[in-house]
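Before any comments, here is the structure.
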Amino acid sequence: MSIAWRLALRDLRRGGRGLLLLALCLFLGTAALAGIGSLSASLIAALDAQGRQMLGGDVELVVSQRRATVEEKAAFAARGRVSETVAMRAMADAGRGPVLVDLRGVDDAWPLVGAFRLAPGAIADRPRGDQIAIAPALADRLGVRVGDELRLGMARLKVIGLIAAEPDRLGAGFTLGPPVLVDMAGLDATQLVQPGSLYESHYRIALARPDAAAPVSDALTAAFRPAGFAVKSSDRAAGSLRRGIAQLGQFLLLVGLAALAIAGVGVGSGVAAYLAGKTRIIATLKVLGARAGTIAAIFLTQLALVAAAGIAAGLALGAMVPAIVVAVAGDALPVPPRLALYPLPLATAAALGLLVALLFALPALARARHVPAATLLRDALAPTSLPSWRVVAVMLALVGALVALAVLTASDRVLALVFVGAVVALILLLWAIGLLVRRGVARLPRPRTPLLRLALANLHRPGAETDRLVLALGLGFSLFVALAVIDTSLSAELAGAAPAKAPRFFAIDLQPGDAGRFRAAVEGAAPGATIEAVPSLRGSISAVKGVRVADMKTLPDAAWVLRGDRTLTWSAGVPPRNEVVAGKWWPADYRGAPLVSIEDRAAAALGLRIGDAITVTVLGVDVPTRIAALRKIDWNGLGLNFAIVFSPGYIEEAPHSLLASVYSAPARDGAVARNVAAALPSVTMIRVGDLIAQIGVVLGQIALAIRAAAAITVAAGIAVLVGAVAASSRMRRYDAVLLKLLGGSARQVLAAQALEYALLSLVVVLVALLVGASAGWYVVVRVFELAWAPDWAIVALTLAASVLVTLGIGVLGSLPALRARPAEALREL
Amino acid sequence: MTISSSPADSALIAARNVTLSLGKPPARVDILRGIDLDVATGDSVALLGPSGSGKSSLMAVLAGLERPSGGSVRVTGRDFATLDEDALAVARRGKIGIVLQAFHLLPTMTALENVAVPLELAGERDAFARAAVELAAVGLADRTGHYPAQLSGGEQQRVAIARALVAAPALLFADEPTGNLDTATGAAIMDLLFARHAASGATLFVITHDPALAARCARVIELADGRIVADRRRP
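Chains as they are written, first to last, in our numbering: chain A, 1 to 829; chain B, 1001 to 1235.
Here you go:
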């Protein structure tokens, strides 16, 4: 065992308590990263493992507003076993009023994967003919039990059981209402599937070789995409859910990185304080013949051991996070995580933790090497000049490795690079401000009052920790401000009522011939109601500027308009709430070649301009068009808006239905829903309030996840504050004892120290407000795309609390010295 | 005043025109102002002088704890003035033992470990065995497992003496070794120090402001304002 290792262990045995802060900061930072990474990986793994079940097969083909032809079905059957399901929204009514449901008609082959189960008490194993299975939540809302009847469209169906397990439900994604299940005969009986109705036909194929899903999917895409089919394989099941998890995971990882960066500052403070306390030991070892390299090796060994322990503990906790989340908030998760050990996020967290520990510990370690042996004879301070070029080079290499690791392991590398760059810039900015404060204060005229003089002198005296304090306080305060801004903006979004001008209902599957009866039903229940009805049908963009979407290797996140079917409409004039921002709208009587108008942001995401060609596939027919105008849409009012609007004169002949929005008095909601259900059972009425509530649930889950991650980051921030104050406390305790010796009262001593922290905090508060608010704005507006609505009172309170906590920690640190007798305290110091 | 008591080429310590200044103008302080000094092997030297005369600083320069601002300092054949911190640390190993007023034991190590450290740093394999022997020589055979906080002041200074002598150095410096001890304990410590000096043959260099203690040494050098003002040998 080398001498450095032996001496390191001996010293650590009795004198290692000072490294607790190092261990704690690394534990928190590593636990945050490891936990977030493990949870994301476990959720994605669950999606991967259940991909086949979620999809309902190995490959799925989906087409809107039509069923597959006999030839198409034969082609599917040539690949394997096929199951057909039809999905749409509908209204179920058992006499208490209609309720929006998610209706699925399934064939006898369904489900191809997994098992369908009804809850105990069912009177059949699955619905057949005039039978229906419903979700337990729907039974409660409708007030029905097994054996009761309900109305769905034109059919009266008997409830044969409550759904306990629907194997492919998760693959359906976001749904508006509770699920109900009928067979194809039952679906026909409802008469809800009409030309122009909004429904999707799903064809799942179970292959003889499931591992061939990807190439079969590619082949089917090439063959059937032109006919309007969207094709996906089981490895890409629940795509939107997977993307959502990946995006949220990415954001939370950035929160975790922030925790680790702050932990790094804590490491720096902690190590500096620890090594400052070892000055005499270092000097003694040098007197006894130890070289600087041996000193560095001794303390590097100690730091490495303690860092490893902190990181290992953090990894252990992080690895358990998926299990903990399941136990504490399992219901809030979209899918049960696959509980296992995920080496990659753990290894990444460990590597980042180690790099951060080394980077922030290095300056103090480099200074400790140069503590002169003569310190034992006089208080010789180690050189405080800038680190040597060797140390700087190593630090730069560590920063490079950190940035590379953080960016390369991120799913959104640009965002990660921006974030890491911002953190580095902030650290440099705060360090520079610390130096400026130090030099600036030194140039101020000396105040008359001794306490103020002492407070100012402490900010620039040799050995002052001002720059490190500014860095730690600045990072901590900025973090708290950013979190307060994000949290209050999210809360405002959650609490926000529907916009005053939002409609009460959206009506779908309204046949054009029923428009008059619909209007009469609505106005009969709510006189004076305003109804906007527009034609709609489903279609998808199949080519952009001559390039087929199916041939595009990757679609950027912002290109949502290319994913799947979109609701299309046509209009003679510019629709309400829309403003033409480029190009020119067609004349009202236009009947030429098809033109389209695209939403401006969707066009920008695809680099589309006026005159560009796009092909829209409608009911299997490719419709080549040109872009005539770009529109800015006011989405805030929740009115009917369309990303793609056709010119009149071409697609009106295609089977279509009407979409309507109803603006009426809230008190008439029940009457409107009942009137429409009675007059037009096939029309689905979606309450906007319910829709907003559903979105609120999702936002609430996101907010919960952010708060959980932020809690660890806040804990790291507080640990850093404690460490920063503790790092400079030794000098302050010495001052406190001397002042007491000279006749100063405890109150005067504490006032001097509080004044010093208050002066520092004032400088830091201004920076933190600016930086934290900017970071919060970016996250709320750019990342989450929500309204910027922070509660400034809460933000101010957060800052004030941070300052008070800092003052409290600083003042509390001096109390033991003030209580002790001066001789006793001086002996200890 | 320049006084030399032994030929330079046979001296264990040979200092020529040594100066030491600390701080930067206008706060610069000249602590040593042209010291010339030779010390022979086996000698016992007391460095006497009032506070601020430069005694501790001269000892620091001669012991390699401080690099002089000017002049040369040859100790055990090496010019300390040309060595950096690391080289000075290595030069002290096995050749120079130092006992300080505040003991400066390593608080996180036992008495035995404290005494063993200089040998371990020098790479000696039997460090602990030799440390145990040295502790026994200073009467602390039953305190080997005690930490400094568990020892009295006198016991701590004994451990410091054992640590300074364990490597059988040619030169032993003691800076006010009894300054933190009561009279009786201090006397016992000085008896121990002189006894170990006699037994080991190491050159002893003691800094003190106590004339009675200085009188026990074969040679007394008086310092004032950073200069040697007297250098006399006991008849």
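Don't be surprised by glycine CBs; every beta carbon is placed ideally from N, CA and C.
These numbers were taken from a predicted model, which means no experiment stands behind them.
message: Short of 9 Å Cβ to Cβ, which residues in the segment 286-310 of chain A face chain B?
response: Correct list: 286, 287, 288, 289, 290, 291, 292, 293, 294.
query: How would you write the range of the alpha helix (DSSP H) that residue 675 (chain A) sits in, first residue to last?
result: Element bounds for residue 675 (chain A): 669-679.
field: Rounded separation between residue 382 (chain A) and residue 302 (chain A) - CA only
entry: Low confidence applies to residue 382 (chain A): its pLDDT is 49, below 50, so where it sits in the model is not reliable enough to give any reading.
task: Using a Cβ cut-off of 7 Å (strictly closer), state whether residue 3 (chain A) contacts chain B.
output: Any Cβ of chain B closer than 7 Å to the Cβ of residue 3 (chain A) would place that residue at the interface, and such an atom is present.
- prompt: Which residues, in order along the segment 6-23 of chain A, keep a beta-carbon less than 9 Å from a beta-carbon of chain B?
  reply: Listed in sequence order: 6, 7, 10, 11, 12, 13, 14, 15, 16.
- prompt: In chain order, what residues of the same chain have a beta carbon less than 7 Å from the beta carbon of residue 127 (chain A), not counting five sequence neighbours either side?
  reply: Once the five neighbours on either side are set aside, the close Cβ partners of residue 127 (chain A) are 133, 160, 181, 182, 183, 186.
field: Through-space distance from residue 1134 (chain B) to residue 1126 (chain B), alpha-carbon basis
entry: Near 12 Å, if we compare the C-alpha coordinates of residue 1134 (chain B) and residue 1126 (chain B).
message: For a minimum of 4 consecutive residues, which ranges assigned as the alpha helix (DSSP H) are wholly contained in the segment 178-217 of chain A?
response: Here the runs fully enclosed are 184-190.
- request: Kindly say whether residue 284 (chain A), judged by its beta-carbon, lies nearer than 7 Å to any beta-carbon of chain B.
  value: Chain B contact via Cβ: present.
- prompt: Buried or exposed: where does residue 635 (chain A) fall if 16 or more other Cβ atoms within 10 Å of its Cβ makes it buried?
  reply: Residue environment for residue 635 (chain A): exposed (fewer than 16 other C-beta atoms within 10 angstroms of its C-beta).
query: Is the CB-CB distance between residue 290 (chain A) and residue 26 (chain A) below 7 Å?
result: Residue 290 (chain A) is not a Cβ neighbour of residue 26 (chain A), given a cutoff of 7 Å.
query: What is the DSSP secondary structure of residue 750 (chain A), counted as helix, strand or coil?
result: Here residue 750 (chain A) sits in helix by DSSP.
- prompt: Taking only beta-carbon atoms, is residue 382 (chain A) less than 7 Å away from chain B?
  reply: The predicted model places residue 382 (chain A) with a pLDDT of 49, which falls under 50 and marks its position as unreliable; any figure quoted below should be read in that light. Put simply, the CB of residue 382 (chain A) is far from chain B, with every gap to its CB atoms at 7 Å or more.
message: Measuring only the C-alpha atoms, how far is residue 1038 (chain B) from residue 1018 (chain B)?
response: Between residue 1038 (chain B) and residue 1018 (chain B), the C-alpha separation is close to 12 Å.
- prompt: For the beta strand (DSSP E) that residue 133 (chain A) lies in, which residues bound it at each end?
  reply: Residue 133 (chain A) -> beta strand (DSSP E) spans 131-134.
message: Buried or exposed for residue 23 (chain A), going by 16 or more other Cβ atoms inside 10 Å?
response: Around the beta carbon of residue 23 (chain A), a 10 Å sphere encloses 16 or more other beta carbons of the protein chains shown; the residue is thus reported as buried.
task: Return the Cβ separation of residue 198 (chain A) and residue 509 (chain A) in integer angstroms, given the expectation that the two are a contact with Cβ distance under 8 Å.
output: With a Cβ gap of about 6 Å, residue 198 (chain A) and residue 509 (chain A) count as contacting.
field: Residues of the segment 357-379 of chain A whose Cβ lies closer than 7 Å to any Cβ of chain B, in chain order
entry: Residues passing the 7 Å Cβ filter: 372, 373, 374, 376, 377.
task: Determine the contact status of residue 633 (chain A) and residue 641 (chain A), defining contact as a CB-CB distance below 7 Å.
output: At a Cβ-Cβ threshold of 7 Å, residue 633 (chain A) and residue 641 (chain A) count as neighbours.
message: Could you give the first and the last residue of the continuous alpha helix (DSSP H) run that contains residue 1086 (chain B)?
response: Membership of residue 1086 (chain B) in the alpha helix (DSSP H) is indicated by the continuous run 1085-1092.
Residues of the segment 270-284 of chain A whose Cβ lies closer than 7 Å to any Cβ of chain B, in chain order: Residues 280, 281, 284.
- request: Measure the C-alpha to C-alpha separation of residue 361 (chain A) and residue 136 (chain A) and round it to an integer number of angstroms.
  value: Roughly 58 Å separates the two Cα atoms.
task: In the DSSP assignment, find the unbroken beta strand (DSSP E) run with residue 304 (chain A) in it and report its ends.
output: Looking at the DSSP string, residue 304 (chain A) is not in any beta strand (DSSP E); the run it does join, the alpha helix (DSSP H), is 292-329.
query: Can you tell me whether residue 530 (chain A) is buried or exposed, with buried defined as 16 or more other CB within 10 angstroms of its CB?
result: Exposed, since its Cβ has fewer than 16 Cβ neighbours within 10 Å.
field: residue 1053 (chain B) versus B:1128, B:1025, B:1224, residue with shortest Cα-Cα distance
entry: Nearest C-alpha to residue 1053 (chain B) among B:1128, B:1025, B:1224: B:1224.
field: Backbone CA spacing between residue 265 (chain A) and residue 472 (chain A) [nearest angstrom]
entry: Going from the Cα of residue 265 (chain A) to the Cα of residue 472 (chain A) covers about 6 Å.
- prompt: When the Cα atoms are used, what is the spatial distance from residue 69 (chain A) to residue 220 (chain A)?
  reply: The alpha-carbon atoms of residue 69 (chain A) and residue 220 (chain A) are separated by roughly 15 Å.
message: Measuring alpha carbon to alpha carbon, tell me which residue in B:1110, B:1057, B:1169 is nearest residue 1199 (chain B).
response: For residue 1199 (chain B), the nearest C-alpha among the options comes from B:1169.
- prompt: Do the segment 278-292 of chain A and the segment 670-683 of chain A meet, that is, are 3 or more Cβ pairs less than 8 Å apart?
  reply: Counting Cβ pairs under 8 Å, fewer than three are found: no touch.
task: Give the DSSP-derived three-state secondary structure of residue 343 (chain A) in the structure shown.
output: Correct three-state label for residue 343 (chain A): helix.
field: Close beta carbons around residue 772 (chain A), own chain, < 6 Å, minus the five adjacent residues each side
entry: 478, 481, 482, listed in sequence order.
- prompt: Quick one: which chain A residues come within Cβ less than 8 Å of residue 1092 (chain B)?
  reply: Within chain A, the residues near residue 1092 (chain B) are 287, 288, 289.
- prompt: Is the Cβ of residue 1086 (chain B) closer than 7 Å to any Cβ of chain A?
  reply: For residue 1086 (chain B), the nearest CB of chain A lies under 7 Å from its own CB, placing it at the interface with that chain.
message: Using beta carbons (cut-off 7 Å, strictly below), is residue 1238 (chain B) in contact with chain A?
response: The requested residue 1238 (chain B) does not occur in the structure, where chain B is confined to residues 1001 to 1235.
query: residue 1205 (chain B) by DSSP, collapsed to three states: which one?
result: Strand at residue 1205 (chain B).
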